[in-house]
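What follows is a set of notes on a single structure, which appears directly below.
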Amino acid sequence: MSPSLEAAHVYILSLPAYGGGGGCLSEQHKMAVSPTVLGRRASFLILFSSFASSLAAGSTSSYNATRKKTPTHHPLSLDFYAKTCPQLDQLVSSVTSQQHRDSPVSGPATIRLLFHDCFVSGCDASILISSGPKGSPPVERNMPENRNLAPEAFDTVNKAKALVETKCPGVVSCADILAIAARDFVHLAGGPYYAVKKGRKDSRVSLYAKVRPNLPRTNATVDDLIRLFSKKGLSQEDLVALSGAHTIGFAHCDQFVTRLYDFHGSRRPDPQLDPRLLRALQMSCPHFGGNTDVVAPFDVQTPFDFDHMYYGNLEARMGLLATDQALFLDPRTRPLVQALARDKSRFFAAFAAGMDRMGSFGIKKGRKGEIRRDCTRHVTH
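Numbering (the UniProt record's numbering), first residue to last: 1 to 381.
As structure tokens, then:
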């Protein structure tokens, strides 16, 4: 955290906005935000814009992920804790609701944490394990790809687990709590409330070496993304729908700075990036020597609302990451982007179905799993 920014208690959020009429630029919009708005990481400088034109708001709906059957090789069920911890969802909800009010960054951070957990070796809470004593093997959390996972996400899961342990000791896995918390935050931000199947066990290992080959790279192509998702049993529609989680949340400059100055080694910006967004990003993300705490929103129009504006941004060349914008440029995924941009209800249903399938991947059973009392430490035997 930057002490100077923390002391200032004022953070400028600015990006030239589209004006009316012929698309002229309006004056910059600026906001002063207290550090409590984004939680402990509030020293981030955040760019965001309110655009004059936006898609009509729709009502939040509930969806069960039923479009495709989930794999049958796992023991997950909606009523897994019906007898052993019937109040589980309410307990987790009490924590996520408080986190959403006190530290809104907790929402996108927890959704991202779930993705980083599930994609490496299944939804098994292996990402939550902390480093052991000096000389212990490194864990997933130590990998560079995971070092900027926001602490608010870990705090949310740990707080929820501590509360659940007071009511249902030794019963509920950290993996299930993470999945429920991510769902809660989607809904709290205006997205769908979908049913979360339960019955996951926590992993008995956290393997550092498995992280890099199982997470998308910042320079991944659509081919790379399709292959990676396919290995997890996820379709191209799942790829596009789950990428829609970027309708909320932020990225550090180092995740997209090459698009601004040296795209694919060309020494020029990405020609697919809207020039107005390019200029705004370059102002806060210099090629070298910039503030590493600076972040920009994935969705430049409604960065705190879980809606389908992300897809409209891709159509307007306003995708922040090259991997996001590529989904619109590739003819295989463009029709899906366009369909979800038109229909928020379809996006919500597809997202819920994708989360259900992702949440069913790599489930640990029997002696391959455990139920941790402390999400950061393996059970000692």
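C-beta: ideal position from N, C-alpha, C; glycine also.
Problem - Buried or exposed (CB count within 10 angstroms, at least 16 for buried), Thr-110 - result: Indexing the sequence shown from 1 puts residue 110 at position 110. Answer is buried; the Cβ neighbour count reaches 16.
Practice task
With Pro-297 as the anchor, note down where its alpha helix (DSSP H) starts and where it stops.
Solution key: Position 297 of the sequence shown holds residue 297. Pro-297 -> not in any alpha helix (DSSP H); beta strand (DSSP E) instead, spanning 295–297.
Exercise for the section: With DSSP as the reference, label Ser-203 as helix, strand or coil. Expected result: Taking the first residue of the sequence shown as position 1, residue 203 is located at position 203. It is a strand residue.
Handout entry: Pick from Asn-146, Tyr-81 and Asn-158 that is closest to Arg-217, judged by C-alpha positions
Key = One-based indexing of the sequence shown puts residue 217 at position 217. When only C-alpha atoms are compared, the closest one is Asn-146.
Practice task
Within 10 angstroms of the Cβ of Thr-302, are there 16 or more other Cβ atoms? Answer buried if so, exposed if not.
Solution key: Numbered from 1 along the sequence shown, position 302 holds the residue referred to as residue 302. Per the 10 Å Cβ criterion, buried.
Problem - First and last residue of the uninterrupted alpha helix (DSSP H) at Phe-306 - result: By 1-based counting over the sequence shown, the position of residue 306 is 306. From DSSP, Phe-306 is part of no alpha helix (DSSP H); its letter is neither H nor E.
Practice task
Counting only the same chain and skipping the five closest in sequence on each side, list residues whose C-beta sits under 6 Å from that of Met-358.
Solution key: One-based indexing of the sequence shown puts residue 358 at position 358. These residues qualify, in order along the chain: Cys-118.
Problem - Cβ-based burial, Gln-325 [other Cβ within 10 Å; buried from 16] - result: The residue labelled residue 325 in the question sits at position 325 within the sequence shown. The residue is buried, with at least 16 neighbouring Cβ atoms inside 10 Å.
Handout entry: Alpha carbon of Arg-259 to alpha carbon of Leu-91, nearest angstrom
Key = Position 259 of the sequence shown, counting from 1, holds the residue named residue 259. Position 91 of the sequence shown, counting from 1, holds the residue named residue 91. When only Cα atoms are considered, Arg-259 and Leu-91 end up about 43 Å apart.
Practice task
Could you tell me which residues DSSP puts in a beta bridge with Phe-250?
Solution key: The residue you call residue 250 lines up with position 250 of the sequence shown. According to DSSP, which records beta bridges pairwise, Phe-250 is partnered with Pro-297.
Practice task
Give the C-beta separation of Thr-84 and Cys-168 to the nearest angstrom, bearing in mind that I take them to be a contact with Cβ-Cβ under 8 Å.
Solution key: Here residue 84 refers to the residue found at position 84 when the sequence shown is read from its first residue. Here residue 168 refers to the residue found at position 168 when the sequence shown is read from its first residue. That belief holds up - the Cβ atoms of Thr-84 and Cys-168 are roughly 6 Å apart, short of 8 Å.
Handout entry: Residues that DSSP places opposite Leu-370 in a beta bridge
Key = Here the question's residue 370 lines up with position 370 in the sequence shown. Looking at the sequence itself, residue 370 is Glu, so the reference to Leu does not match. The partner list for Glu-370 (beta bridge, DSSP) reads Asp-202.
Practice task
Give the DSSP bridge partners of Ser-121, in chain order.
Solution key: Your numbering for residue 121 matches position 121 in the sequence shown. The partner list for Ser-121 (beta bridge, DSSP) is empty, contrary to what the question assumes.
Handout entry: Beta-carbon proximity of Phe-185 to His-100, cut-off 8 Å
Key = The residue you call residue 185 lines up with position 185 of the sequence shown. The residue you call residue 100 lines up with position 100 of the sequence shown. Between Phe-185 and His-100, the CB-CB gap stays under 8 Å.
Problem - For Lys-344, the nearest candidate out of Asp-274, Gln-272 and Thr-247 (CA to CA) - result: Against the sequence shown, residue 344 aligns to sequence position 344. When each option's Cα is compared against that of Lys-344, the closest is Thr-247.
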